[in-house]
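Counting from 1 along the sequence shown, just add 288 to a position and that's the residue number in our numbering.
The beta carbon of each residue, even a glycine, is placed where N, CA and C say it ideally should be.
Notes follow the structure.
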Amino acid sequence: MTAAGFQAQITEVSDPGTVRGAEGVPASVASCHTAVIGGYVLEGHVPAEDVRRLLAERPDALGLAVPAMPLGSPGMETPDGQREPYETLLILKGGGTRVFARHG
Numbered sequence: 289m290t291a292a293g294f295q296a297q298i299t300e301v302s303d304p305g306t307v308r309g310a311e312g313v314p315a316s317v318a319s320c321h322t323a324v325i326g327g328y329v330l331e332g333h334v335p336a337e338d339v340r341r342l343l344a345e346r347p348d349a350l351g352l353a354v355p356a357m358p359l360g361s362p363g364m365e366t367p368d369g370q371r372e373p374y375e376t377l378l379i380l381k382g383g384g385t386r387v388f389a390r391h392g
């Protein structure tokens with residue numbers, strides 16, 4: 289995210305599940321990284337362009353998630369450029385999700 293122009297502060301925690309729970313991230317979209325920006329939670333390898341859109345549109349939601357660490361998502365690039373299609377999900381208040389963006 290810093291390469292995309294965002295400032296980041298990294299905080300290591302012993303139990304990431306506690307942070308996810310406190311932020312309202314449903315277990316169904318829990319992934320490898322959790323971040324908070326502008327009042328929204330980000331879960332997994334969310335593309336910077338999706339974060340920018342989220343912050344511009346300011347939907348009434350908890351945040352964004354990219355579950356399962358898909359190949360080709362930010363931070364999951366491969367030397368041969370292999371990519372798999374994936375979706376960025378909008379985490380709705382109440383725990384549901386809907387597709388926010390499609391990639392690949």
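Between the stretch 341 to 358 and the stretch 312 to 330, the count of C-beta pairs closer than 8 Å reaches three or more; the two stretches touch. Taking one beta carbon from each stretch, the stretch 372 to 392 and the stretch 301 to 308 have fewer than 3 pairs nearer than 8 Å; the two do not touch. Judged by DSSP secondary structure, Thr322 falls within the beta strand (DSSP E) whose first and last residues are 322 to 325.
For Leu342, the closest C-alpha among the options Ile298, Ala291, Pro367, Leu380 is that of Leu380. Rounded to the nearest whole angstrom, the C-alpha separation of Gly382 and Pro314 is 9 Å.
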